[in-house]
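Each residue of the sequence shown is one higher than the one before, starting from 1 at the first, in UniProt numbering. Think of the CB as a built atom: it goes at the ideal place given N, C-alpha and C, for glycine as much as any other residue. Structure first, then comments.
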Amino acid sequence: MRQSEESMLEMSGSWRNPQDFAGDKQKNSSGKRIKENHDSETSCNEPGIRQVSVCCPTVKHDQRKQNTPSSHIPAARNKQREQHSHKIRWQKDLKFLQAFRPEYLNNCPEAAERTDILYEPEVSYLPSVNTLPPDLQMKECLLLTVSLSSPGVVAGRTQRKTKTKDSALIKSHVYNALIAWFMSLTDPKTCGRKGNKLDAPFWVAGLQQFYKEDGLALYICAMSHEDCRTGCRNSRMKKVESDESLFYRRVCKFFAQTPLKTVAFWVPQLNHLLEEQAYPTLVHLPSSYLDCFISVNPNQEAVEKVFSMIPSFYWQTLETEDQKCQSTEATISQECHTETALVLIGRALFLNPLAMHHALELMWRSSLDVCGIRFLYPPQELLTNFAVSKSVMHEGEHSHQPVLIMAFRGPHANSVWQEITGPSDPQLARRTDPGSISALYGHSQDQPLLYSPRLASLVHLGLCLWFGGRIAKKSLSTIQDSGDKGVRCSHVLTSSPASLCATVKADIFLLVSPVVGPRCYSYILSACAKTGFSLLGLQRAQISRKQAQSLGLTAVQVAAFCQAPTVFLAGEQVDLSSHCLVLLMRRESAVRHCSRLPIGLMNELAAQGLIGSIRSRFTDVLGPHVCFHTVPYSKNYHNVLGGLMWTVPECSHMVLSKHTYPSCPDAEQVVILTLTGQNIVEKEMDFLQKVLSGDTAGQEGFELLALKWEPQLSQQQAQELSPFEIGEKEWQSSVQSLTSTPALVLGLRRVRAFVTLRRLLPQNYPGNLHVLMSPTPETAFRQTCLFFSEAELVPDHTSRPSLKFLPPHHTDTPGLRSQLLYSYMREGPESLLTLALFKPGAWSHRFGKILTVIKQNGYTLVGLRVLLLDSSMANALTHPPEQQDPIEELELKYLISGPSLALGLLRVNAIKRLLELMGPEDPVEARTIDQTLWRAQYGSDRLHNGIYGSPSYRKAVEDIKLVFPEGVCCNETLVMRHEQISCMHSDPEARLDREQLHTFRTADKDKFSSGFSQGPLVCSALCQTTCLLIPSNLLRQNQPPLYSELLQRLLRTGCHLVAGRLCTPDEKQRQHMCESLRSSAGEALLCEGPCLIIALQADNAITCFDIILESICRERPDFKRVTMKLLYPKSESGAVKLLCYLFISLYIDSHP
């Protein structure tokens, strides 16, 4: 019955003689003349079938009849009629094949992608290609079978207890080694010679990979060396049955006593070639013997049956035990980039086991699966007709030269294979691609090693020719109407062995340890996409030791995956987050490819220069297993790793709020970046890398706080993300577009986040809506609440250059906890304190200008002192113990040489902003960068650079406590309370017991003058010292600060500032000051709050102070409103009394 069914199809066997093939060519010109006729086309509109342009196989006409005018018209009509009949036949045959396609290929979602029916009118009607040599003597032959669990993975025993993914890795190496070894035995002239390392007792006459009812396997026809030496079929040498069993026993003994490592002698040399990567994937073969993988069948009928099988027209999708996530969110929304590539390999390559194994390993390393392999003996005419170079075959004495045809699947398989093989010219390849197959094993351009069609149409044509079924003269379309015969025919079609196989898709979890920083995530996502993994979901999770044990982590891995890394930032030890990144991904042969995924990811990070940053997080030996871990998907693992993968918080009340949220560009800002579209992981990762790492060298990148994958946005999410407002014409279309695509939502943070990210956006933003950002702090807060819970916002302190300028993140003290990001976005950042110390000689003539610049840059003055530094204080300020400067002694002498101006400043991001305003320590360098930098204006050289600023938050706290031990003049903040920095509520230097001392020695006056001046003052008989009080309402004045400009004008008139401080007098002190001033308005002006008190020295500074102010107001009338609020003594006695009360070191007789 089986034979009758097969004869019904009239499919040609693989045992045809070349003469039979030539006879068919005479009757049917679809071979040599196959591309001459382009007038006929067949439209294949069935699902999954590519439209093809084919040639009609026509019968040759007598040339004399064609040249006869009387016969030209009938011949043309007959030709058209024949073409039309062929077109109808092809369409019916295609519909028939489509109708009897296995049901799982049409309806089941498990079917592999892009597995079209292997039907092409140009080749599906040709005779089958020989699978064994045409003149082979079939007397002593064995059928060797290598069972496969999936394409490229053997199913044999490895004699080693390994994990699933490690076992798949080893069995992939075994498969590649066996293929290379078998192919090296295909030349009977070289096999079996003494001294040959491949001293196998057989040679290989045929090899092909088929899927039958008993599974996927690699079949090899092994021939005896003696049988090869007998010559042709007509040999009369007699062979008895005992001799055949002897050959069988010899082969079985060889397999039982020979380890795979012995026959694969080239592996050490291959590993040397594979070591060019930072983390190479070396070939490790088990110590197993060959009989662990190869079974032997001595039945000659089994050999004939296997190598006479006609392939099916359909791909076979193999099912595995691997699981898939059944959640509705776990859907692949990315475009499919899986391709099937085809290669014809000539003798020069497949007889070289090192070259063949190297090519297979490079394919596997590039995430390609061998989905079909056949060792055939095609006639030279067939290869020529399909544009295969004769030089690939190295045409010899026989017309049927062997060729190895391989088909393989994977992401962008054709372009990846071209990178593996390199240019066809070996000399060019050695210059451009020195590691390619052509460069390593090619000899000349005239003798290429292989042929690979690049066009998709040619690849499909080749798959149908070498791996597809055959239809004989009787069309399938004439069978489908014949009742039971059609049913039996369909059984033959669906039960035929498949020569091309793919696997169902499965899911895996990839765990990225905390050792790998978030700045590497974009490279990891991109690398996974390149290897064919489709992203289904992601989240960041902390893994406990108990969970790590269930996931199969080793002790070394537990130290990396379950503990928070520790790094040194700005000289301080900082504990980072212990969150792992968990990726749920899907692809064909997922478990096989996840075995080398960690190594591939490490090589990607090494190529990007990121290994150094990873090493700083892990003190032990760094390897792929420390950074990455993969596990097959299961429900238990899903509960442990991905339970909240697609969960979004319930926060409608937050989203609907429309409050104004404070945001300072100079402080860290949180912004939401959303990437949408079908190919996010492939197309937008370059942009994300630029965002996280900085678009230029030295540019600060963004800190990644959170990320979430949404397979499909809801209506509310799309409305919130849309860059358009309700009422705009693009509003509705943008919402519809956003709800139809997946989205990768990222929470980012950095200083000047909105300005910087807007600069990085495409010029046509919002363009096609593939890249979106929250435009304002309000929208950033709403979008954050919409996608992330507060627990999902995990800081990355290594990506925060301003971390040293901020309070410690690990603060956990009652009354001061680390500021949560939600509250940070609602309330804004806290103001911080810093110290600016203007050095001797840099400030006395610019005092007013300095106060103006301070106010203009957003600082609040909370402390001011004019002081003489002693050696200990100067050393504590400018020379921390960890720094050793060769000019330390010179700088100390300079700092104690005269009075300095110390300013306590308060603002958001106070420390970093002050350092930016000052510029480099060398004023010469500062002037080359920007003339407006403070050191460029106030300094002359590196020693006399004019100003000192606290270099870090910790140093700023120490400096404030050192210079202002009594406290500062502002309201207490949480940071100040934690750092124990006091707030002034009274003036500690004001003393009533000094008022009785009104006169002092001239020596004291000279000492004072030389101490608080830049050199001795000329103390004439007219020299007087007065006191000027600037009340709080003037200090709090908004821009412009007129009081500071007035002070600068006073200094220009000849006044010298000899003392000064900022204080907060209490009620009794304010009352006493008013009494000393004898001013009725003073009590109203000296309201509660800070007060700036300065001592000015000049000729007639007391008696003529009103005149000096009037002269200034004549030039600037707007100063009048300032002078009306100034408080100063009107008489000399009042000045002396007030000075003695306020300044502890001023015992000055204001009389000459």
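Quick one: Cα of K729 to Cα of F628, how far?
For the purposes of this step, residue 729 is taken as residue 729 along the sequence shown, with counting starting at 1. For the purposes of this step, residue 628 is taken as residue 628 along the sequence shown, with counting starting at 1. Approximately 47 angstroms between the Cα atoms of the pair.
For T834, three-class secondary structure by DSSP
By one-based count along the sequence shown, residue 834 stands at place 834. In the structure shown, T834 falls within a strand segment according to DSSP collapsed to helix, strand and coil.
Could you say which of E419, L449, L704 and C520 lies nearest to G435 if we only look at CA atoms?
Translated into the one-based positions of the sequence shown, residue 435 becomes position 435. Distances from the CA of G435 to each of E419, L449, L704 and C520 were compared; the closest alpha carbon is that of E419.
What does the alpha-carbon distance come out to for the pair I345 and Y451?
Mapped onto the sequence shown, residue 345 falls at position 345. Mapped onto the sequence shown, residue 451 falls at position 451. Going by the C-alpha atoms only, they are around 7 angstroms apart.
Under the three-state DSSP convention, the category M138 falls into
Looking up residue 138 in the sequence shown gives position 138. Under the three-state reduction of DSSP output, M138 falls in the coil class, being neither helix nor strand.
Rounded to whole angstroms, how far is the Cβ of Y948 from the Cβ of L837, which I believe are closer than 8 angstroms?
As a position in the sequence shown, residue 948 is number 948, starting the count at 1. As a position in the sequence shown, residue 837 is number 837, starting the count at 1. That belief holds up - the Cβ atoms of Y948 and L837 are roughly 4 angstroms apart, short of 8 angstroms.
Rounded to whole angstroms, what is the Cα-Cα separation between S147 and F254?
Along the sequence shown, read from residue 1 onward, the residue named residue 147 stands at position 147. Along the sequence shown, read from residue 1 onward, the residue named residue 254 stands at position 254. Each residue's alpha carbon lies about 19 angstroms from the other.
For D369, three-class secondary structure by DSSP:
The sequence position of residue 369 within the sequence shown is 369, counting from 1. Here D369 sits in strand by DSSP.
Suppose the cutoff is 7 angstroms on Cβ atoms and the five residues either side in sequence are ignored; what does the same chain contact list for V306 look like?
In the sequence shown, residue 306 corresponds to position 306, counting from 1. For V306, where only same-chain residues beyond five positions count, the Cβ hits under 7 angstroms are L143 and Y219.
For L318, which residues in the same chain have their Cβ closer than 8 angstroms to its Cβ, ignoring the five residues on either side in sequence?
On the sequence shown, position 318 is the one that residue 318 refers to. So the list reads S150, P151, Y211, L216, C501, A502, T503 and V504, once near-sequence residues are dropped.
Checking 8 angstroms against the spacing of the C-beta atoms, do A706 and V591 come in under that value?
Numbered from 1 along the sequence shown, position 706 holds the residue referred to as residue 706. Numbered from 1 along the sequence shown, position 591 holds the residue referred to as residue 591. No, they are not a contact pair.
Three CB pairs or more closer than 8 angstroms across the segment 1059-1071 and the segment 1081-1099
Counting Cβ pairs under 8 angstroms, three or more are found: they touch.
Comparing C-alpha positions only, which one of W466, G841, R586 and R1036 sits nearest to L126?
Along the sequence shown, one-based indexing puts residue 126 at 126. Of the candidates W466, G841, R586 and R1036, the one whose C-alpha sits nearest the C-alpha of L126 is W466.
Which same chain residues end up closer than 7 angstroms to F687 when comparing Cβ atoms and leaving out the 5 residues on each side of it in sequence?
The residue you call residue 687 lines up with position 687 of the sequence shown. Cβ neighbours of F687 beyond the five flanking positions: V771.
Below 8 angstroms on the Cβ atoms is my guess for H797 versus L569; work out the distance and round it to an integer in Å.
Taking the sequence shown and counting its residues from 1, the one referred to as residue 797 is at position 797. Taking the sequence shown and counting its residues from 1, the one referred to as residue 569 is at position 569. Confirmed, Cβ separation roughly 6 angstroms.
Sequence-distant residues of the same chain with beta carbon closer than 6 angstroms to residue 1157, five excluded per side:
For the chain, the structure presents residues 1 to 1152; residue 1157 sits outside this window and is missing.
List the endpoints of the continuous alpha helix (DSSP H) containing L877.
As a first step, residue 877 is located in the sequence shown; it is residue number 877 there, counting from the start. Segment S871 to T878, the alpha helix (DSSP H) holding L877.
With H, G and I counted as helix, E and B as strand and the rest as coil, what does DSSP make of residue 1168?
Outside the shown range of the chain, which is 1 to 1152, sits residue 1168, and nothing can be said about it.
How would you label C1055, buried or exposed, when you count the other beta carbons within 10 angstroms and need 16 or more for buried?
Here residue 1055 refers to the residue found at position 1055 of the sequence shown. Buried, because 16 or more other Cβ atoms sit within 10 Å of the Cβ of C1055.
So what does DSSP say about P632, is it helix, strand or coil?
Taking the sequence shown and counting its residues from 1, one reaches residue 632 at position 632. Three-state DSSP puts P632 in a strand.
Could you pull out every unbroken beta strand (DSSP E) segment of at least 3 residues lying fully inside the segment 1069-1105, listed in chain order?
Here the runs fully enclosed are 1091-1099.
Spatial neighbours of S714 within its chain, please: CB distance less than 8 angstroms, with the 5 preceding and 5 following residues excluded, ordered by chain position.
By one-based count along the sequence shown, residue 714 stands at place 714. T739, listed in sequence order.
May I ask you to verify whether the segment 860-874 touches the segment 899-918, counting CB pairs closer than 8 angstroms and requiring at least 3?
Cβ pair count under 8 angstroms is three or more, so yes.
Restricting to runs no shorter than 4 residues, where is the alpha helix (DSSP H) found entirely within the segment 903-935?
Annotation: the segment 903-935 contains the following complete segments of the alpha helix (DSSP H) (minimum length 4 residues), in chain order: 910-918 and 923-929.
Below 8 angstroms on the Cβ atoms is my contact criterion, and I expect Q300 with M406 to pass it. Report the Cβ-Cβ distance as a whole number of Å.
On the sequence shown, position 300 is the one that residue 300 refers to. On the sequence shown, position 406 is the one that residue 406 refers to. In fact, because the Cβ distance is near 28 angstroms, the residues do not count as touching under 8 angstroms.
Given a cut-off of 8 angstroms on the beta-carbon distance, is the pair C594 and I508 in contact?
Stepping through the sequence shown from its first residue, residue 594 is reached at position 594. Stepping through the sequence shown from its first residue, residue 508 is reached at position 508. Yes, they are a contact pair.
Counting only runs of 3+ residues fully inside the segment 748-807, write out the beta strand (DSSP E) ranges in chain order.
Correct list: 771-773.
Output the residue ranges of the alpha helix (DSSP H) runs that lie fully inside the segment 497-572 and measure 4 residues or longer, sorted by chain position.
DSSP runs (the alpha helix (DSSP H)) wholly in the segment 497-572: 521-530, 545-550 and 555-561.
Starting from H1056, follow its DSSP beta bridges and name the residues at the other end.
By one-based count along the sequence shown, residue 1056 stands at place 1056. H1056 is bridged to Q1097.
H400, buried or exposed, once every other Cβ within 10 Å from all chains shown has been counted against 16
Residue mapping note: residue 400 aligns to position 400 of the sequence shown, counting from 1. Residue environment analysis places H400 among the buried positions, since at least 16 neighbouring C-beta atoms fall within 10 angstroms of its C-beta.
Whole angstroms is fine: what's the gap from Q1024's alpha carbon to K1137's?
The residue labelled residue 1024 in the question sits at position 1024 within the sequence shown. The residue labelled residue 1137 in the question sits at position 1137 within the sequence shown. Cα-Cα distance, rounded: 14 angstroms.
According to DSSP, is E703 part of a helix, a strand, or is it coil?
Here residue 703 refers to the residue found at position 703 of the sequence shown. In the structure shown, E703 falls within a strand segment according to DSSP collapsed to helix, strand and coil.
Three-state secondary structure assigned by DSSP to M645
For this step, residue 645 is matched to residue 645 along the sequence shown. Note: M645 maps to coil in three-state DSSP.
Three-state secondary structure assigned by DSSP to A956:
Numbered from its first residue, the sequence shown carries residue 956 at position 956. DSSP places A956 in helix when its eight states are reduced to three.
What whole-angstrom Cβ distance do R101 and Y314 have, given they're in contact under 8 angstroms?
On the sequence shown, position 101 is the one that residue 101 refers to. On the sequence shown, position 314 is the one that residue 314 refers to. Yes, R101 and Y314 are in contact; Cβ-Cβ is about 6 angstroms, under 8 angstroms.
Taking 8 angstroms as the threshold, find out whether the segment 786-796 comes into contact with the segment 576-585 through three or more Cβ pairs.
Three or more Cβ pairs drawn from the segment 786-796 and the segment 576-585 lie within less than 8 angstroms of each other, which places the two stretches in contact.
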